[in-house]
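S.K.: Residue numbers (numbering that gives the first Met the number 0): 0 to 516.
Glycine included, each C-beta is placed from N, C-alpha and C at the ideal position.
Note that the structure is a prediction, hence the values are computed from the model and not measured.
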Amino acid sequence: MVGMSAAHGHWQVSGKAQAVIVHVECGTQALAGAVHNAAKGRAPMLIFAGASPFTQHGEMTGSRNEFIQWIQDVHDQRGLVRGYMRYDNEIRTGRNVKELVHRAFQFALSQPQGPVYLMGAREVMEEEVAPTPDEALAWRPIDPPGLNPDMVATIGQALLDARRPLIVTSFVGRNPAAVAPLVALCEQLGIGLLESVPNAMNFPHDHDLYVGNQWNQPRLQQELDSADVILVIDSDVPWIPTVSRPAENARIFHIDADPLKEQMPLWRIRAQGVCRADARIALEQLLAWAQSRTISTEEIAGRCVFWKARHDQRQRQLLAAEAKPENGVIMPEYFVSRVRAAQTPEMIFVNEGISNYHVVFDHLDLVEPGTIFTSGGGSLGWNGGAAIGVKLARPDATVVALTGDGSFMFTVPSSVHWMARRYETPFLQIVFNNRGWKSPKLSTLAVHPEGWAAQAHQIDTSFEPSPDYVGIAAAAGGAWGRQVRHPDEVDEAIAEALAMVREHRRAAVLDVWLDHH
């Protein structure tokens, strides 16, 4: 879990495909939810696993010689992960290893990107082969597609003619180069920008056309309801129909490298135009189309005024929520605002705040591409390994992981903090400690607000007594840490933790006690 999450985090910052090596089928299963996260987060990486030797009497070099090699011999080892892979295969001879590896990476790096899996038995790995020329350049990923000219004109004209055009995205910012044309297109046509379950910094949060982000909040998103033309680009969950959805008469267009969502058995949005295209290329095409048209500046200004009013209203609400609590209980909005106050340009955030995902995005108020990431998946425990991967890719960065207490435990903190010390990748890990599983509780109450769980004193989601998160990290990797229980302690704790990471090169953990879940 930790190693593959580190590979995931490294790719998110470096843009370079990664490789992960594990031990046969048991190691494959030990990757656990990191496989899901890499698949859903479209992280290109090669997983290589050995396999139990296929001879047992010494017929070949590498034949079985340990008891475990019979126990670890299973049917269809590749099948353990096949549903998550862009490609899988078994290496049956050393003579075509290069060909299979290059083919696997070609799949991993072609849109839609994702993990690939190769396995090989020990006899094959022991095979002696003659050197052959490297032909990596002949295995380039498939060039990403753009929009056809007719669709460029159709979508562009719809956005131009709209009264309240809106773009919804989740992960345009995975490619930092796509953010600038997205901003320029919105400015050119007066389009509002709504993030839905964001995985990256997709749009400057201080921009007048930015109208917020949505997660699982049980309320109608007014921006969706008021838009008459909506462009969904790079989003797996643009809205939750049972909670918030576009107006019935809204025209919807959808652009994605994987518009069919081939790994999701059930997926559909009511779009009249669906296009398979790379986001950056498509946005540059739409921007060029818009710039070639004669546009009423008065009409565009009117749109901008409308979205700015929404933006300003939202900013006032966020600012009010950041007030220092007077009851002595730390609120996540206040705490994250103090992290923002301590922010410096080289900081990179990994966000696995779970029930506080939206709080982190809202109150960090980031403006630069490549400054925040989530896993893009739904398996908890990504943040610790990802922080190590980010630090390996960007040694100059101050890496800050924000995590729920449940996801802290899932991240395998004993391994994470040992690795942080072993590989000299210190980072700050902030634990939002509400002493329990808040998200499962909210999910239950959302479906049965008057049910037995709602009436129960507790529904078995409590972590009390709270584990010693600081002690775990200190024991495993010599990390520095402290509990933070009162608003008056927040600024000092953040400053001390950052100094430990930057000056003393030690990982740091802040165990921040919030109100009980």
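So, with DSSP's three-state summary, where would you put F66?
M.R.: In the structure shown, F66 sits in coil (DSSP, three-state: anything other than H, G, I, E or B).
S.K.: Give the list of continuous beta strand (DSSP E) stretches no shorter than 3 residues that lie fully inside the stretch 321–398.
M.R.: With a minimum length of 3 residues, the continuous beta strand (DSSP E) runs that stay inside the stretch 321–398 are 346–351.
S.K.: Which of the three DSSP states is assigned to F53 in this structure?
M.R.: Coil at F53, not helix or strand.
S.K.: Taking the CB atoms as reference points, tell me whether V500 and F407 lie closer together than 9 Å.
M.R.: Contact flag unset, no.
S.K.: Could you tell me which of P245, A16, L158 sits nearest to E298, measuring between CA atoms?
M.R.: E298 has its Cα closest to that of L158, out of P245, A16, L158.
S.K.: Have a look at L391 and Q342 and give me their C-alpha separation to the nearest angstrom.
M.R.: Near 20 Å, if we compare the C-alpha coordinates of Q342 and L391.
S.K.: Would the beta-carbon of A33 fall within 9 Å of that of G327?
M.R.: In this structure, G327 does not lie closer than 9 Å to A33 by Cβ.
S.K.: Would you list the one or two residues that DSSP bridges to G480?
M.R.: DSSP, once it has assigned bridges, lists V508 as partnering G480.
S.K.: What is the C-beta distance between D207 and V366, in whole angstroms, given that I count them as a contact (C-beta under 8 Å)?
M.R.: That belief does not hold up - the Cβ atoms of D207 and V366 are roughly 13 Å apart, past 8 Å.
S.K.: Got a sec, what are the start and stop residues for the beta strand (DSSP E) F431 sits in?
M.R.: Element bounds for F431: 427–432.
S.K.: Does the stretch 5–13 come close enough to the stretch 50–58 to have 3 or more Cβ pairs within less than 8 Å?
M.R.: In short, these stretches do not touch, since the Cβ pair count stays below three.
S.K.: Are the beta-carbon atoms belonging to F170 and R41 less than 9 Å from one another?
M.R.: Going by C-beta atoms, F170 is nearer than 9 Å to R41.
S.K.: Would you give the residue range spanned by the beta strand (DSSP E) that N88 belongs to?
M.R.: 86–89 is the span of the beta strand (DSSP E), which, as asked, contains N88.
S.K.: Would R139 and Y116 be called neighbours here (beta carbons separated by less than 9 Å)?
M.R.: No, these two residues do not count as a Cβ contact at 9 Å.
S.K.: Can you tell me whether G211 is helix, strand or coil according to DSSP?
M.R.: Note: G211 maps to strand in three-state DSSP.
S.K.: Check whether the Cβ atoms of G57 and E125 sit closer than 9 Å, and answer yes or no.
M.R.: Not a contact, by the Cβ cut-off of 9 Å.
S.K.: Might you give, ordered along the chain, the residues of its own chain that have their beta carbon closer than 6 Å to the beta carbon of P466, omitting 5 neighbours on each side?
M.R.: Contacts found: none.
S.K.: Please report the residue range of the beta strand (DSSP E) in which L192 lies.
M.R.: That run of the beta strand (DSSP E) goes 191–195.
S.K.: Is the number of C-beta pairs between the stretch 147–167 and the stretch 86–103 that are closer than 8 Å three or more?
M.R.: No: fewer than three Cβ pairs fall under 8 Å.
S.K.: Please identify the residue among A386, E127, L230 whose C-alpha is closest to the C-alpha of I166.
M.R.: The candidate whose alpha carbon is nearest that of I166 is L230.
S.K.: Return the CA-CA distance between C185 and L192, expressed in angstroms with no decimal places.
M.R.: When rounded, the distance between both Cα atoms is 7 Å.
S.K.: Keeping to the same chain, check which residues put their C-beta closer than 6 Å to that of D361; ignore five residues upstream and five downstream.
M.R.: Here the set comprises L317.
S.K.: In this structure, does DSSP put S465 in helix, strand or coil?
M.R.: Of the three classes helix, strand and coil, the one that applies to S465 here is coil, per DSSP.
S.K.: Quick check on the DSSP output: the alpha helix (DSSP H) that includes V80 runs from which residue to which?
M.R.: Neither: V80 is in no alpha helix (DSSP H) and is coded neither H nor E.
S.K.: Would you call the CB atoms of I347 and A396 closer than 9 Å?
M.R.: Cβ atoms of I347 and A396: closer than 9 Å.
S.K.: Using only the alpha-carbon positions, how far apart do I190 and Y468 sit?
M.R.: About 44 Å.
S.K.: Leaving out the 5 sequence neighbours to the left and right, which residues in its chain are closer than 6 Å to Q220 when beta-carbon positions are compared?
M.R.: Closer than 6 Å at the Cβ level, and outside the excluded window around Q220, lie Q213, S243.
S.K.: Helix, strand or coil, according to DSSP, for P164 in the structure here?
M.R.: Strand at P164.
S.K.: Output needed for V19: all residues of its chain with C-beta closer than 8 Å, excluding positions within five of it in sequence on either side, in chain order.
M.R.: For V19, where only same-chain residues beyond five positions count, the Cβ hits under 8 Å are G2, M3, A6, L30, M44, L45, I46, F47.
S.K.: Applying the 10 Å Cβ sphere with the 16-neighbour rule, what's the burial state of M150?
M.R.: By the 10 Å Cβ count, M150 comes out buried.
S.K.: Could you say which of D487, R481, P486 lies nearest to E495 if we only look at CA atoms?
M.R.: Checking every option, the nearest Cα to that of E495 belongs to R481.
S.K.: Does the stretch 267–276 come into contact with the stretch 252–259, if we say contact requires no fewer than three beta-carbon pairs (one atom in each stretch) closer than 8 Å?
M.R.: Yes: at least three Cβ pairs fall under 8 Å.
S.K.: What did DSSP end up calling V411 once you bin it into helix, strand or coil?
M.R.: Correct three-state label for V411: coil.
S.K.: Could you tell me how far apart the beta carbons of D517 and N433 are, in whole angstroms, since I believe they sit closer than 8 Å?
M.R.: In the structure as shown, the chain starts at 0 and stops at 516, and residue 517 therefore has no counterpart that could be examined.
S.K.: In three-state terms, what does DSSP make of A532?
M.R.: No answer is possible for residue 532: it lies beyond the span of the chain, which begins at 0 and ends at 516.
S.K.: Alpha carbon to alpha carbon, what distance is there between C25 and Q71?
M.R.: Taking the straight line from one Cα to the other gives about 7 Å.
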